[in-house]
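Have a look at the structure below before the remarks.
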Amino acid sequence: MRLARSFSFSYSFSFSDRFDPEDWENENEQENENDLIMSPFTRSVRESVAALGEERLIALIQRWLGPVSPRTPFGIGDDCAVLPAAKGRQLITVDPVVYPRHFNDAVPARAVGAKLLKRNLSDLAAMGGRPTAAVLALTLDPRVSLRWLEGFYRGLAACARQHGVPIVGGDIAQADGTLAASLTLLGQCTGPRFVTRTGARVGDSLWVTGRLGGSLPSRHHYTFTPRLAEGAWLARQKAVRAMMDLSDGLAKDVHALTPRGAAVAIDGKTLPLRRGCDVRAALADGEDYELVFALARDTDGAAFLRRWRRAFPRVPLTCIGRLVPAGKLPAAALDLAAYHGYEHLR
Ligand SMILES: [Mg+2]
């Protein structure tokens, strides 16, 4: 792959005279309703992002985003977007989707846009936050098709509308051989408290929402629902001492919740497996986007579970194990080192 270089789209204005982007858009709206699966790339210059200058592309993006794109200066169109001062603590997170690591030709363009936002929402959920605004940095090969990009933005917009997230700004850079989008999400706490990954102690029990494993074959990696309501609820429970979302697989991620001098004792028989998955898949597949948290050791787990079920009757919650003193793993506990979670930049 060639090195990425960033420059303006204006070199390609000569192509843009040949058709009107508004005609193009109307013509394609119906087809997009079918949520076509397609390659992000096209051989036709006319159908590619290179056919449009930067200004026209930005105008199209605003149209695709629709109501989630506020007017300038509170949205796209100025050097910065202006936001009201936040009450209380703000949260901020950033996560990308990169072709072909986080999506490929088999993932609908709309789903890619939604996945980008949902990955970030999952991080907010993990701290008990709710979203307030987002900005998006896009790096595009000039051969990316406009039709794909429209699907991407319409999927992002639908998800943003659902979760009440204004998309207030962004940037477009061109880079040969690259298709990546990075979203920065701002949020705030939903209650008096945010929950971090630190704070768990030996003796605390470990719990996980939903089911684990098989996120690729089940398409869960882009169909998932971020656990925002669940995360906010959990952050209000003082007995929840530490929490995170699962992106790289439980075996790898759970170490971030493990305090010094402690070890994780997980009983493989209790893991909530997605249909068709085994223990290895649940521990190592990654992209589960579920919440895992440590519950204070003196908490009545059965009573906690009853309250959870009243609040979230359709979302499984499972006690998967406990934090034990290092070196004192019970014989039945899984050896997590044997299950290699998803490694970034592997
Ligand atoms: Mg995370």
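In terms of this note's numbering, the sequence shown has 584 at position 316, counting the first letter as 1, and numbering is strictly consecutive. Glycine is no exception: its CB is placed at the ideal position from the N, C-alpha and C atoms.
Tell me the rounded alpha-carbon separation between residue i and residue j.
{"i": "Phe371", "j": "His608", "result": "21 Å"}
{"i": "Arg465", "j": "Tyr421", "result": "32 Å"}
{"i": "Asp444", "j": "Leu604", "result": "40 Å"}
{"i": "Val380", "j": "Ala428", "result": "13 Å"}
{"i": "Leu502", "j": "Gly396", "result": "7 Å"}
{"i": "Ala405", "j": "Gly589", "result": "40 Å"}
{"i": "Pro364", "j": "Arg528", "result": "31 Å"}
{"i": "Gln505", "j": "Arg314", "result": "55 Å"}
{"i": "Val463", "j": "Leu392", "result": "10 Å"}
{"i": "Val476", "j": "Glu498", "result": "11 Å"}
{"i": "Asp566", "j": "Arg469", "result": "11 Å"}
{"i": "Arg577", "j": "Cys587", "result": "13 Å"}
{"i": "Asp568", "j": "Arg575", "result": "11 Å"}
{"i": "Gly482", "j": "Ala401", "result": "31 Å"}
{"i": "Leu602", "j": "Ser337", "result": "48 Å"}
{"i": "Arg378", "j": "Arg461", "result": "34 Å"}
{"i": "Tyr367", "j": "Ala571", "result": "45 Å"}
{"i": "Asn300", "j": "Lys537", "result": "The predicted model places Asn300 with a pLDDT of 46, which falls under 50 and marks its position as unreliable; any figure quoted below should be read in that light. For Asn300 and Lys537, the distance between alpha carbons rounds to 44 Å."}
{"i": "Phe342", "j": "Pro352", "result": "9 Å"}
{"i": "Gly438", "j": "Ala600", "result": "50 Å"}
{"i": "Thr340", "j": "Ala579", "result": "39 Å"}
{"i": "Thr452", "j": "Gln442", "result": "19 Å"}
{"i": "Ser312", "j": "Ala562", "result": "53 Å"}
{"i": "Pro494", "j": "Thr446", "result": "27 Å"}
{"i": "Gln430", "j": "Leu541", "result": "28 Å"}
{"i": "Leu384", "j": "Pro581", "result": "27 Å"}
{"i": "Ala594", "j": "Gln358", "result": "35 Å"}
{"i": "Ile326", "j": "Leu474", "result": "46 Å"}
Give me, in chain order, the residues of the same chain whose beta-carbon lies closer than 8 Å to that of residue i; leave out the 5 immediate sequence neighbours on both sides.
{"i": "Ser515", "result": "Arg387, Ser390, Asp521, Gly554, Glu555, Asp556, Tyr557 and Tyr610"}
{"i": "Leu484", "result": "Asp553 and Glu555"}
{"i": "Asp535", "result": "Ile588, Gly589, Ala600, Ala601 and Leu602"}
{"i": "Gln298", "result": "Model confidence at Gln298 stands at a pLDDT of 42, short of 50, so the residue's coordinates are unreliable; what they give is reported in the following sentence. Cβ neighbours of Gln298 beyond the five flanking positions: none."}
Taking the alpha carbon of residue i as the point to measure from, which residue in the options has its own alpha carbon closest?
{"i": "Leu597", "options": "Tyr367, Arg378, Leu414 and Gly471", "result": "Gly471"}
{"i": "Cys545", "options": "Ile326, Arg479 and Leu325", "result": "Arg479"}
{"i": "Asp409", "options": "Leu525, Ile440 and Trp501", "result": "Ile440"}
{"i": "Gly459", "options": "Val560, Ala600, Leu496 and Leu551", "result": "Leu496"}
{"i": "Ala549", "options": "Gly517, Leu525 and Ala468", "result": "Gly517"}
{"i": "Leu573", "options": "Leu585, Ser307 and Thr526", "result": "Leu585"}
{"i": "Val436", "options": "Phe462, Ala393, Gly345 and Ala599", "result": "Gly345"}
{"i": "Gly356", "options": "Pro376, Arg590, Tyr490 and Gly455", "result": "Gly455"}
{"i": "Asp347", "options": "Val362, Arg378, Thr310 and Val403", "result": "Val403"}
{"i": "Ala426", "options": "Ala382, Pro399 and Thr400", "result": "Ala382"}
{"i": "Gly423", "options": "Ala374, Leu453 and Tyr490", "result": "Tyr490"}
{"i": "Ala335", "options": "Ala374, Val433, Ala353 and Pro352", "result": "Note that residue 335 corresponds to Pro in the displayed sequence, not to Ala. Looking at the Cα atoms, Val433 is the closest of the given residues."}
{"i": "Glu418", "options": "Val362, Pro376 and Phe492", "result": "Pro376"}
{"i": "Thr361", "options": "Ala374, Pro399 and Asp373", "result": "Pro399"}
{"i": "His488", "options": "Asp535, Arg543, Ser312 and Pro308", "result": "Arg543"}
{"i": "Thr407", "options": "Arg369, His431, Gln430 and Ala449", "result": "Ala449"}
{"i": "Ala374", "options": "Ala349, Val547 and Pro308", "result": "Pro308"}
{"i": "Val583", "options": "Gly595, Met306, Phe492 and Asp535", "result": "Phe492"}
In chain order, what residues of the same chain lie with their CB nearer than 7 Å to the CB of residue i, ignoring the 5 residues before and after it?
{"i": "Ala564", "result": "Asp472, Ala507 and Arg509"}
{"i": "Pro289", "result": "Reliability of the predicted coordinates at Pro289 is poor, the pLDDT of 35 falling under 50, and the value obtained from them is presented with this limitation in mind. Cβ within range, chain order: Leu320, Arg324 and Leu328."}
{"i": "Met512", "result": "Ala394, Arg465, Asp521, Ala524, Leu525 and Val560"}
{"i": "Ser278", "result": "In this prediction, Ser278 has a pLDDT of 25, which is less than 50 and means its spatial position is unreliable; nothing more can be read from the coordinates."}
{"i": "Ser316", "result": "Thr310, Pro410, Arg411, Val412, Ser413 and Leu414"}
{"i": "Leu333", "result": "Tyr421, Ala425 and Ile435"}
{"i": "Leu539", "result": "Leu480, Val547, Ala550 and Ile588"}
{"i": "Val350", "result": "Pro341 and Phe342"}
Is any non-hydrogen atom of ligand 2 found closer than 7 Å to the C-beta of residue i, if you look at the structure I gave you?
{"i": "Ala503", "result": "Of the ligands one can find in the structure shown, namely ligand 1, none is ligand 2."}
For residue i, which residues does DSSP report across the bridge?
{"i": "Asp556", "result": "None; Asp556 has no bridge partner."}
{"i": "Asp346", "result": "Ile344"}
{"i": "Asp513", "result": "Leu559"}
{"i": "Ala454", "result": "Looking at the sequence shown, residue 454 is not Ala but Leu. Answer by DSSP bridge pairing, in chain order: Ile360 and Ala401."}
{"i": "Ala425", "result": "In the DSSP output, where bridge partners are listed per residue, Ala425 has none listed."}
{"i": "Leu447", "result": "Leu408"}
{"i": "Ala440", "result": "In the sequence as displayed, the identity of residue 440 is Ile instead of Ala. Its beta-bridge partners are Leu406."}
{"i": "Phe309", "result": "Val412"}
{"i": "Ser316", "result": "Ser413"}
{"i": "Ile326", "result": "Note: Ile326 sits in no beta bridge, so no partner."}
Excluding five sequence neighbours on each side, which residues of the same chain lie with their C-beta closer than 6 Å to the C-beta of residue i?
{"i": "Val592", "result": "Ala531 and Ala533"}
{"i": "Ala500", "result": "Gly396 and Thr458"}
{"i": "Gln330", "result": "Ser337 and Ile344"}
{"i": "Gly467", "result": "Arg509 and Ala510"}
{"i": "Ala354", "result": "Gln456"}
{"i": "Ala519", "result": "Leu551, Ala552, Leu604, Tyr607 and Gly609"}
Go through the region 553 to 606 residue by residue and report every complete run of the alpha helix (DSSP H) that reaches 4 residues or more, in order. 569 to 579
Quick one: which unbroken alpha helix (DSSP H) runs of 4-plus residues sit fully inside the region 353 to 418? Chain order, please. 377 to 393
Of all the beta strand (DSSP E) runs that stay within the bounds of the region 470 to 549, which reach a length of 3 or more residues? 473 to 477, 508 to 513 and 530 to 534
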